[in-house]
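Undergrad: My structure is below; once you've seen it, I'll send some questions.
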C-alpha cells in the first residue's frame, strides 16, 4: 500500500472516530498495526483537521455566542465553556507533568473500550428516568473539564464519550445539548493540546522531514469526514440513544484483546 493511500485512510479514520464515542485511539491502534505508525507531527495535523470540522459544523452557534455576548444566556454559556476548558488545561498540565498516563498499547486501550461501553449503557439507563434538561450548570462544566483529563490519562476512553456521559449523569440529560457543549469545549481543548505538543516537538527538534502531500491529504480527509460525522451525529442523537456505540465499543475491545498482540 502506498504512503499516500495510507495517509488518506488514517485521515478518514481520524475524522470518523474522533467525535463518535468509540475512541479514535483504539481505531488508530488497529490501523497502525496494518498501515504502519506515523509521526507525532502527522497525528497532530490530522487532529487539527478534525478540529476544523467542528468549527465549521458549529459556526452559526459560535457566531451567535460571539455576537450575542451581551445577552446573559450567551455570556453564561461562554463562561461555562471557559471554565470547562480551564479545568482541563490546568489539571491536564499537572497530570502531564507528573507523567500520569497509560501507554497506548492494546491491553489498556481494549479494557478502556469495554469498561467505557458498559459505563455508557449504565448512564443511558439511569438518565432515561431523569427529566429532559438542556441547562448547562457549573457542575456540568467542571465535570466535563475533568472528564477530558480522564480521557487523556486512559487511552481508549474517548474524550467525547467520557465528557458527554458525565454531563448527562450530572443533569444535562438531553443528549444533543450534552454533545453540543462537549464539542464546543473540544475546540479550544484540542487546539491547545495540539499546539502544546507541536511546541514540544519543535523544541526537541522532532518535527522531522514530512511528506507534505501525505500530510495535506490526511488533513483534508480528517476535516471532511469529521464534518460529515458530526453533522450526522447531532441529528442521530435527537431521536436515538448511544446504545449501538456502547455495544460496538465492547465488541471492539474484546476483539483487540483476542486478536492483537498485547505489546502493539
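Residue numbers (the working numbering): 18 to 281.
Beta carbons: idealized from backbone N, C-alpha and C, even for Gly.
#1: Which of the three DSSP states is assigned to residue 35 in this structure?
#2: Which of the three DSSP states is assigned to residue 205 in this structure?
#3: Expressed to the nearest angstrom, what Euclidean distance is found between the alpha-carbon atoms of residue 108 and residue 163?
#4: State buried or exposed for residue 62, treating a residue as buried only when at least 16 other CB atoms are found within 10 Å of its CB.
#5: Any contact between the region 65 to 73 and the region 126 to 133? By contact I mean 3 or more CB pairs, one from each, below 8 Å.
#6: Taking three-plus beta-carbon pairs below 8 Å as touching, is the region 243 to 261 in contact with the region 109 to 118?
#7: Can residue 195 and residue 182 be called in contact, C-beta distance under 9 Å?
#8: In angstroms with no decimal places, state the Cα-to-Cα distance between residue 20 and residue 229.
#9: What residues in its chain sit with their C-beta under 8 Å from that of residue 234, if we drop five residues either side in the sequence?
#10: My understanding is that residue 262 touches residue 38, with C-beta atoms under 8 Å, so please give their C-beta distance in whole angstroms.
#11: When burial is assigned at 16 or more other CB atoms within 10 Å of the CB, is residue 257 buried or exposed?
#12: Report the residue from 59, 84 and 176 whose alpha carbon sits nearest the alpha carbon of residue 137.
#13: For residue 204, which residues in the same chain have their Cβ closer than 7 Å to its Cβ, ignoring the five residues on either side in sequence?
#14: Give me, in chain order, the residues of the same chain whose beta-carbon lies closer than 7 Å to that of residue 105; leave out the 5 immediate sequence neighbours on both sides.
#15: Assuming contact is defined by CB atoms lying nearer than 9 Å, are residue 190 and residue 144 in contact in what I supplied?
#16: Could you have a look at residue 172 and say whether DSSP puts it in helix, strand or coil?
#17: Compute the beta-carbon to beta-carbon distance between residue 34 and residue 44, rounded to the nearest angstrom, for a pair I have assumed lies under 8 Å.
#18: Please classify residue 156 as buried or exposed, where buried requires at least 16 neighbouring CB atoms within 10 angstroms.
#19: Nearest by alpha-carbon distance to residue 271: which of 92, 212 and 128 is it?
#20: My output table needs one value for residue 136: the three-state DSSP class, helix, strand or coil.
#21: Rounded to whole angstroms, how far is the Cβ of residue 41 from the Cβ of residue 174, which I believe are closer than 8 Å?
#22: Would the beta-carbon of residue 53 fall within 9 Å of that of residue 239?
#23: Use the C-beta contact count for residue 172: other C-beta atoms within 10 angstroms, 16 or more gives buried, fewer gives exposed.
#24: Once DSSP output is grouped into helix, strand and coil, what is the label at residue 220?
TA: Answer, in terms of the structure:
#1: Locating residue 35 in the chain shown gives position 18, where the first residue counts as 1. Residue state, collapsed to three classes: coil.
#2: Within the chain shown, residue 205 is the residue found at index 188, counting from 1. Per DSSP, reduced to three states, the secondary structure at residue 205 is helical.
#3: The residue given as residue 108 occupies position 91 in the chain shown. The residue given as residue 163 occupies position 146 in the chain shown. In a straight line, the C-alpha of residue 108 is about 8 Å away from that of residue 163.
#4: Taking the chain shown and counting its residues from 1, one reaches residue 62 at position 45. It counts as buried.
#5: no
#6: no
#7: Within the chain shown, residue 195 is the residue found at index 178, counting from 1. Within the chain shown, residue 182 is the residue found at index 165, counting from 1. Taking 9 Å as the cut-off, the beta carbon of residue 195 is found closer than this to the beta carbon of residue 182.
#8: Start at 1 with the first residue of the chain shown, and residue 20 comes out as number 3. Start at 1 with the first residue of the chain shown, and residue 229 comes out as number 212. So the two alpha carbons sit approximately 11 Å from each other.
#9: Here residue 234 is taken as the residue at index 217 of the chain shown, counted from 1. So the qualifying residues of the chain are 21, 24, 25 and 28.
#10: One-based indexing of the chain shown puts residue 262 at position 245. One-based indexing of the chain shown puts residue 38 at position 21. So it is a contact: roughly 5 Å between Cβ atoms.
#11: Stepping through the chain shown from its first residue, residue 257 is reached at position 240. Exposed is the call here.
#12: Stepping through the chain shown from its first residue, residue 137 is reached at position 120. If we check each option's Cα against that of residue 137, 176 comes out closest.
#13: Taking the first residue of the chain shown as position 1, residue 204 is located at position 187. Here the set comprises 68, 71 and 72.
#14: As a first step, residue 105 is located in the chain shown; it is residue number 88 there, counting from the start. Only 162, 165, 166 and 206 meet the Cβ criterion.
#15: Taking the chain shown and counting its residues from 1, the one referred to as residue 190 is at position 173. Taking the chain shown and counting its residues from 1, the one referred to as residue 144 is at position 127. Yes, Cβ-Cβ distance for residue 190 and residue 144 is below 9 Å.
#16: By 1-based counting over the chain shown, the position of residue 172 is 155. It is coil, neither helix nor strand.
#17: Looking up residue 34 in the chain shown gives position 17. Looking up residue 44 in the chain shown gives position 27. That pair is a contact at about 5 Å.
#18: For the purposes of this step, residue 156 is identified with residue 139 of the chain shown, where counting begins at 1. Exposed, because fewer than 16 other Cβ atoms sit within 10 Å of the Cβ of residue 156.
#19: In the chain shown, the residue the question calls residue 271 occupies position 254. Ranked by Cα distance from residue 271, the first of 92, 212 and 128 is 128.
#20: Reading the chain shown from its first residue, position 119 is the one you call residue 136. Three-state DSSP puts residue 136 in a helix.
#21: Working through the chain shown from its first residue, we reach residue 41 at position 24. Working through the chain shown from its first residue, we reach residue 174 at position 157. Not really, about 11 Å apart at Cβ, beyond 8 Å.
#22: Taking the first residue of the chain shown as position 1, residue 53 is located at position 36. Taking the first residue of the chain shown as position 1, residue 239 is located at position 222. In this structure, residue 239 does not lie closer than 9 Å to residue 53 by Cβ.
#23: Indexing the chain shown from 1 puts residue 172 at position 155. It counts as buried.
#24: To locate residue 220, count along the chain shown from 1; it is residue 203. DSSP places residue 220 in helix when its eight states are reduced to three.
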